[in-house]
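Colleague:
In the working numbering, the protein residues as written are 769 to 1032.
Shown next, in the form of structure tokens:
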């Protein structure tokens, strides 16, 4: 697949556009530094997921029986959101990531990307914490690239969650400050959001067709110290992992300059 690149590391697979291939060394440097924390975060997140299929499974069955149809749906949905920010506000740039717990539609989706790339699409994963680590790295890469080119731009991240049956994360989650500004897009079926997240600290503006199921604990519960535990923060890594990635990014740039001079 000439248009996509698969990034393997300590965390589950991330499928990204091939334009990020030269940056994967820096991504693995970030993972290497954060490697002790990553398995703990992934294991802690695993029981938070509760996926409930729709009562009438006919639509889900069609999607599952035809990965090509679902891949086309995801491609069209992603293109729709990308096109909606084709003319952003001054100083903004919008970048898109996809999460879905199934991956049997990836081959067909990647074939579509090979035929026609989606501009500003940055990666897809069937593991939300893994996707958020990749987003953290892309944020670092963009920040360093903007500085190098003296660009003043605010990069807005978007997570698209396509759904042919309800996707519900019951446990409380939050997103690292480094991932913001961030918008999460879901879908509505029969007037109801198909994606439900438990986000105690999320502002309403970051959710598009996504239901926030968080409920404030009763005051007596808080007083007794029986309130909810701190949420799992996605995309949170040690500072030295960021620094390792930045060092590798600059090293790769120096190597590229050196190779360019030798070819002349």
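Glycine residues also receive a C-beta, built at the ideal position from the N, C-alpha and C atoms.
(1) Leaving out five residues before and five after residue 907 in sequence, what residues of the same chain have Cβ atoms less than 6 Å from its Cβ?
(2) Can you tell me the Cβ-Cβ gap for residue 1033 and residue 927, rounded? I've got them flagged as a contact below 8 Å.
(3) Leaving out five residues before and five after residue 1008 in sequence, what residues of the same chain have Cβ atoms less than 8 Å from its Cβ?
(4) Can you check whether the CB of residue 1017 is closer than 8 Å to the CB of residue 922?
(5) Would you tell me roughly how many angstroms separate the C-alpha atoms of residue 972 and residue 853, rounded to the nearest one?
(6) In whole angstroms, what separates the C-alpha of residue 794 from that of residue 918?
(7) Pull the bridge partners of residue 940 from the DSSP assignment, please.
(8) CA-CA distance, residue 1040 and residue 957?
(9) Using the Cα positions of residue 798 and residue 901, report the straight-line distance between them to the nearest angstrom.
(10) Counting C-beta neighbours from all protein chains within 10 Å, is the total for residue 962 16 or more, i.e. buried, or is it exposed?
(11) Would you grab the beta carbon distance between residue 1002 and residue 974 for me? Rounded to a whole angstrom, and I think it's under 8 Å.
(12) With 8 Å as the threshold, decide whether the Cβ of residue 888 is near any Cβ in chain D.
(13) What do you get for residue 904, buried or exposed, if any count of 16 or more other CB atoms within 10 angstroms of its CB means buried?
(14) Would you identify the three-state DSSP class for residue 884, choosing helix, strand or coil?
(15) I think residue 886 touches residue 846, with their Cβ atoms under 8 Å apart; what is that distance to the nearest whole Å?
(16) Leaving out five residues before and five after residue 856 in sequence, what residues of the same chain have Cβ atoms less than 7 Å from its Cβ?
(17) For my contact list, residue 893 and residue 782 are in at a C-beta cut-off of 8 Å; report their separation, rounded to the angstrom.
(18) When burial is assigned at 16 or more other CB atoms within 10 Å of the CB, is residue 967 buried or exposed?
(19) Got a sec, what are the start and stop residues for the beta strand (DSSP E) residue 981 sits in?
(20) Residue 838 to residue 877, Cα distance in whole Å?
(21) Given a cut-off of 8 Å on the beta-carbon distance, is the pair residue 964 and residue 979 in contact?
(22) Hey, how far is the Cα of residue 788 from the Cα of residue 1021?
(23) Identify the residues that DSSP records as bridge partners of residue 1025: which are they?
(24) Just how far apart, CA to CA, sit residue 872 and residue 842?
(25) What did DSSP end up calling residue 921 once you bin it into helix, strand or coil?
Modeller: So, from the data block:
(1) Translated into positions along the chain shown, residue 907 becomes position 139. Excluding positions up to five away in sequence, the list reads 946.
(2) Beyond the ends of the chain as shown, which are 769 and 1032, falls residue 1033; an answer cannot be given.
(3) Counting from one through the chain shown, the residue named residue 1008 turns up at place 240. Same-chain partners within the cutoff: 801.
(4) What you label residue 922 is simply residue 154 of the chain shown in a count that begins at 1. What you label residue 1017 is simply residue 249 of the chain shown in a count that begins at 1. Judged by their CB atoms, residue 922 and residue 1017 are not nearer to each other than the 8 Å cut-off.
(5) Sequence index remark: in the chain shown, residue 972 carries index 204 (1-based). Sequence index remark: in the chain shown, residue 853 carries index 85 (1-based). Approximately 19 Å, taken between the alpha carbons.
(6) By 1-based counting over the chain shown, the position of residue 794 is 26. By 1-based counting over the chain shown, the position of residue 918 is 150. So the two alpha carbons sit approximately 21 Å from each other.
(7) Indexing the chain shown from 1 puts residue 940 at position 172. Looking at the DSSP assignment, residue 940 forms a beta bridge with 966.
(8) Because the chain in this structure spans residues 769 to 1032, residue 1040 falls outside the shown range and cannot be described.
(9) Sequence index remark: in the chain shown, residue 798 carries index 30 (1-based). Sequence index remark: in the chain shown, residue 901 carries index 133 (1-based). Spanning the two alpha carbons is a distance of roughly 9 Å.
(10) As a working note, residue 962 is residue 194 in the chain shown. Buried is the call here.
(11) The residue labelled residue 1002 in the question sits at position 234 within the chain shown. The residue labelled residue 974 in the question sits at position 206 within the chain shown. Their Cβ separation, rounded to whole angstroms, is 13 Å, which puts residue 1002 and residue 974 out of contact at 8 Å.
(12) Among the chains in the structure shown there is no chain D, since it carries only a single protein chain.
(13) Reading the chain shown from its first residue, position 136 is the one you call residue 904. Taking every protein chain shown into account, the CB of residue 904 has 16 or more other CB atoms within 10 angstroms, so this residue is buried.
(14) Position 116 of the chain shown, counted from the first residue, corresponds to residue 884. If DSSP states are grouped into helix, strand and coil, residue 884 belongs with coil.
(15) Position 118 of the chain shown, counted from the start, is the residue given in the question as residue 886. Position 78 of the chain shown, counted from the start, is the residue given in the question as residue 846. At roughly 6 Å, the Cβ-Cβ gap stays under 8 Å, so residue 886 and residue 846 are in contact.
(16) The count along the chain shown starts at 1 and reaches residue 856 at position 88. Non-local beta-carbon contacts of residue 856 in its own chain, meaning distances under 7 Å to residues more than five positions away in sequence, involve 862 in chain order.
(17) Mapped onto the chain shown, residue 893 falls at position 125. Mapped onto the chain shown, residue 782 falls at position 14. Correct: roughly 5 Å between the Cβ atoms.
(18) Stepping through the chain shown from its first residue, residue 967 is reached at position 199. Its Cβ being crowded by 16 or more others within 10 Å, residue 967 is buried.
(19) Position 213 of the chain shown, counted from the first residue, corresponds to residue 981. Unbroken run through residue 981: none, as it is neither H nor E.
(20) Within the chain shown, residue 838 is the residue found at index 70, counting from 1. Within the chain shown, residue 877 is the residue found at index 109, counting from 1. Just so you know, the alpha carbons of residue 838 and residue 877 end up roughly 9 Å apart.
(21) The residue labelled residue 964 in the question sits at position 196 within the chain shown. The residue labelled residue 979 in the question sits at position 211 within the chain shown. Yes; because the gap between Cβ atoms is below 8 Å, this pair is in contact.
(22) Taking the first residue of the chain shown as 1, we reach residue 788 at position 20. Taking the first residue of the chain shown as 1, we reach residue 1021 at position 253. The alpha-carbon separation between residue 788 and residue 1021 amounts to approximately 13 Å.
(23) The residue you call residue 1025 lines up with position 257 of the chain shown. According to DSSP, residue 1025 bridges with nothing at all.
(24) Against the chain shown, residue 872 aligns to sequence position 104. Against the chain shown, residue 842 aligns to sequence position 74. The straight-line gap from Cα to Cα measures roughly 13 Å.
(25) Position 153 of the chain shown, counted from the start, is the residue given in the question as residue 921. When secondary structure is reduced to three states using DSSP, residue 921 falls in the coil class, being assigned neither helix nor strand.
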